[in-house]
């Protein structure tokens with residue numbers, strides 16, 4: 006089957022999915038949990054085969070780590086599936102109900118986007134994560150995994166297919182394996198509604214440059230922590246250390262520390278705590294004078310280190326911190342450490358980022374941590390979905406209008422008139438605690 | 006000033022706009038109303054100059070009609086501005102509030118997108134319509150109008166600028182005049198967040214093909230009216246006639262009529278009513294046999310006539326109607342005429358369009374008619390905004406997270422735990438009737 010045929014079949018399936026109930030979609034997730042649980046040995050065996058092949062090909066250690074699917078990763082997949090199943094149905098929610106004129110009722114209802122194309126690099130667990138988000142939100146999907154995870158992907162995909170059998174329309178998902186397939190997938194405008202790439206910055210940029218289909222993803226994560234004039238010393242140390250060191254090669258780690266000049270006396274303690282964790286510091290002139298470190302250049306303000314390196318700048322005001330973040334940041338996640346409510350309010354308002362934080366680590370920018378069950382990724386674009394994207398980001402909406410033979414001619418003649426009166430929304434599920 | 010400089014200045018202004026209150030933005034709209042009202046003679050004089058020039062250049066009649074800005078169009082602009090002012094502030098609305106862990110509170114708040122680039126053809130009133138939507142939603146904007154409306158645009162733009170003086174940041178808007186400027190504008194990725202083109206299909210397609218900035222617009226409007234087996238005869242006639250003839254060269258006019266075979270006896274009455282209004286019919290074989298008309302080819306099902314022509318097809322079932330609409334339509338607006346609630350429910354669920362209607366004219370697909378005050382256009386893409394797009398479509402959101410020194414390390418060690426408990430949303434303005 007060609008990619009075009011698979012995309013056409015997925016499109017047809019997406020129309021069938023519009024009338025599959027939330028209960029049925031949850032049942033698929035439950036089955037998938039069960040299948041993953043009972044086929045773990047088969048999964049691990051396939052993954053071992055991939056790993057052995059990768060080792061003979063001398064793949065890098067980080068790549069091998071991402072490729073590995075072990076007991077712990079499987080457990081976290083199963084937990085993710087359970088919490089996803091417990092989330093309310095994202096489809097069919099009424100978000101607007103309005104009488105346009107007596108007897109003419111407008112509603113806006115959430116519905117699936119349609120067909121999602123997912124392209125991911127080495128991590129095979131991404132196949133289940135994103136696939137399950139698509140199922141929950143009623144989308145059909147085409148998957149293309151990394152070549153190095155071929156065997157693992159085949160097993161995981163067969164379990165996905167099996168889970169949907171009889172409950173979802175045929176061809177609700179398809180697996181692609183060759184590099185040429187990616188090029189084909191990127192040309193399926195009109196059939197594929199959204200592309201979600203998961204991988205390195207260069208990979209995502211390549212995808213964005215080679216398709217006219219909308220792409221949801223983020224290119225850079227240059228996050229800031231800003232220690233304000235009125236910061237609490239202990240909070241400044243704790244939060245900065247976590248934001249920089251809790252994980253290194255991740256998009257929500259802090260890459261630049263800004264410090265208000267009045268908070269500069271806190272800087273030596275922060276620097277010591279970071280250095281104890283093995284972080285190399287690069288500072289502006291004033292920073293170097295205060296704590297003795299390498300000099301930073303303008304290039305550093307634009308750099309996502311993804312490593313144990315942090316650039317540090319002393320600023321004269323909250324305004325200067327905001328200007329620096331809006332200019333050099335990547336509009337991902339930025340934090341202010343402050344005891345001053347007015348400073349926090351201004352920071353929240355004026356920083357142009359998907360996540361704006363106060364007194365907590367930038368590392369919280371994540372779909373699981375936000376309670377979305379899982380995420381397809383974090384979006385730094387402003388349209389459609391911004392920040393961590395869960396099932397809501399895989400939905401769009403439609404307007405329904407019910408009348409009694411209403412015509413525009415009558416409205417224009419004055420025979421009927423507009424009322425534009427909002428009506429109460431029908432009662433809906435409320436997001437609940439786990 | 007180059008387009009790049011204007012875009013950079015607009016970007017800076019967009020950050021300043023983040024802290025301009027809704028009251029101040031409404032005051033700008035009020036001033037604009039007043040300025041348009043008191044400068045009407047200046048506006049009409051400029052428009053006469055454009056019209057005279059256009060006549061010497063032998064522009065087509067429809068183009069001249071769109072170019073003309075008369076008393077009636079001005080009045081409708083003023084009414085639009087007043088109703089836009091009365092709408093609640095689309096900025097700063099809290100749409101999610103959740104405790105992630107005790108003391109760690111997540112909020113999702115609406116905020117402006119940033120910088121909007123608007124490119125429109127002959128209609129000068131679009132300048133005020135879209136400009137005012139940008140002001141209401143706190144976006145800065147770059148405008149490029151049609152060459153033929155040069156003088157009118159200059160006057161309208163100077164009034165827009167004047168209205169914002171002292172209330173909005175400098176450079177919150179700019180006017181571009183040359184064709185080369187459009188090419189430059191389309192290259193301002195990173196500075197311009199969204200392009201909104203208004204004009205012909207070919208024009209919008211050209212814009213989409215020549216920029217990497219997201220484009221909001223629609224390419225086609227192939228709308229259907231479907232007369233179901235249980236349709237009421239009078240409703241079928243009234244609604245079909247309005248949907249086809251209330252206006253012709255508009256995207257929300259019906260282009261194809263589908264009729265359930267059990268409702269075929271209604272077709273002659275519908276056909277007569279349409280023919281009385283001068284509509285030419287093109288039908289499938291069964292239609293031709295029943296009412297005697299030109300034969301339609303498959304090409305007709307894909308054609309947006311924008312004229313007094315309607316293609317007609319008799320279908321065997323609701324499913325066939327839905328399949329036809331999803332396959333040949335443009336996912337704009339489609340209507341079912343039925344007395345059967347279950348048929349309507351299925352049609353609402355299964356038709357993959359921005360607007361799905363029952364017993365009313367497809368011509369209702371419009372931002373004014375939906376009570377949005379105005380619209381920047383109607384989107385047939387599925388991402389971000391779908392259907393008529395008003396101020397909400399010019400907003401995005403940001404997540405704010407407030408903690409008390411929360412770190413991810415503590416969460417992972419189990420020292421703190423996630424609760425993911427939704428909190429009541431703060432009270433907000435409710436959309437009110439005019």
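Chains as they are written, first to last, in our numbering: chain W, 6 to 439; chain B, 6 to 439. Glycine included, C-beta positions come from ideal geometry on N, C-alpha and C.
- Within the DSSP secondary-structure output, residue 181(W) pairs in a beta bridge with 149(W).
- By the rule that beta-carbons nearer than 8 Å mark a contact, residue 306(B) does not touch chain W.
- Excluding sequence positions up to five before and after residue 319(W), its CB lies within less than 7 Å of the CB of 264, 266, 269, 289, 291 and 292, all in the same chain and listed in chain order.
- Interface residue (Cβ-Cβ distance to chain W less than 8 Å): residue 38(B) is not classified as such.
- Fully contained in the stretch 271-299 of chain W are the following beta strand (DSSP E) runs of length 3 or more, in chain order: 285-288.
- Between the alpha carbons of residue 13(W) and residue 196(W) lies a distance of about 6 Å.
- Secondary structure within the stretch 52-125 of chain W: the alpha helix (DSSP H) runs of 4 or more consecutive residues, fully enclosed, are 66-72 and 76-91 (chain order).
- At least one C-beta of chain B is nearer than 8 Å to the C-beta of residue 362(W).
- Three or more beta-carbon pairs drawn from the stretch 419-434 of chain W and the stretch 90-104 of chain W are found closer than 8 Å, and the two stretches are therefore classed as touching.
- For residue 249(B), the enclosing alpha helix (DSSP H) covers residues 238-250.
- The distance from the Cβ of residue 86(B) to that of residue 34(B) is about 6 Å, consistent with a contact at the 8 Å cut-off.
- Exclusion of the five residues before and after residue 362(W) leaves 340 as the residues of its chain whose Cβ lies within less than 6 Å of its Cβ.
- Judged by beta-carbon spacing, residue 256(W) lies within the 8 Å limit of residue 337(W), meaning their Cβ atoms are closer than that value.
- Judged by beta-carbon spacing, residue 126(W) lies beyond the 8 Å limit of residue 54(W), meaning their Cβ atoms are not closer than that value.
- Membership of residue 158(B) in the alpha helix (DSSP H) is indicated by the continuous run 155-169.
- Annotation: Cβ neighbours of residue 331(B) in chain W (cutoff 8 Å, chain order): 20.
- Using a C-beta cut-off of 8 Å, the stretch 176-186 of chain W makes no contact with the stretch 66-84 of chain W, since fewer than three inter-stretch Cβ pairs fall below that distance.
- Apart from the 5 residues on each side of it in sequence, residue 409(B) sits with its Cβ closer than 7 Å to the Cβ of 108 in its chain, given in chain order.
- Secondary structure of residue 380(W) (DSSP, three-state): coil.
- In chain order, 299, 301, 305 and 316 place their CB closer than 6 Å to the CB of residue 287(B), counting only its own chain and leaving out the 5 sequence neighbours on each side.
- Residue 41(W) has its alpha-carbon roughly 8 Å from the corresponding atom of residue 48(W).
- Residue nearest to residue 73(B) within the set 16(B), 153(B) and 25(B) is 153(B) (criterion: CA-CA distance).
- Proximity of residue 354(B) to chain W, defined by a Cβ-Cβ separation below 8 Å, is satisfied.
- Residue 137(B) sits buried, since 16 or more C-beta atoms from the chains shown fall within 10 Å of its C-beta.
- With fewer than 16 other beta carbons inside 10 angstroms of its own, residue 273(W) counts as exposed.
- Contacts with chain B at 8 Å (Cβ-Cβ) do not include residue 266(W).
- When secondary structure is reduced to three states using DSSP, residue 194(B) falls in the strand class.
- When Cβ-Cβ separations below 8 Å define contact, residue 280(W) makes no contact with chain B.
- The stretch 388-408 of chain B and the stretch 114-123 of chain B touch, with no fewer than 3 CB-CB distances between them shorter than 8 Å.
- At a C-beta separation below 9 Å, residue 388(W) has these neighbours in chain B: 118, 198, 199, 219, 221, 388, 389, 390 and 401.
- When the five nearest sequence neighbours on each side are left out, the beta carbons in the same chain lying within less than 6 Å of the beta carbon of residue 397(W) are those of 95, in order along the chain.
- The continuous stretches of alpha helix (DSSP H) do not include residue 314(B), which lies in the beta strand (DSSP E) extending over residues 314-320.
- Per the C-alpha coordinates, the member of 262(B), 312(B) and 240(B) positioned closest to residue 251(B) is 312(B).
- Think of a sphere of 9 Å around the beta carbon of residue 136(W): no beta carbon from chain B falls inside it, the nearest being about 20 Å out.
- Our two residues, residue 354(W) and residue 24(B), have alpha carbons roughly 6 Å apart in a direct line.
- With a beta-carbon spacing of about 5 Å, residue 244(W) and residue 366(W) fall inside the 8 Å limit used to define contacts.
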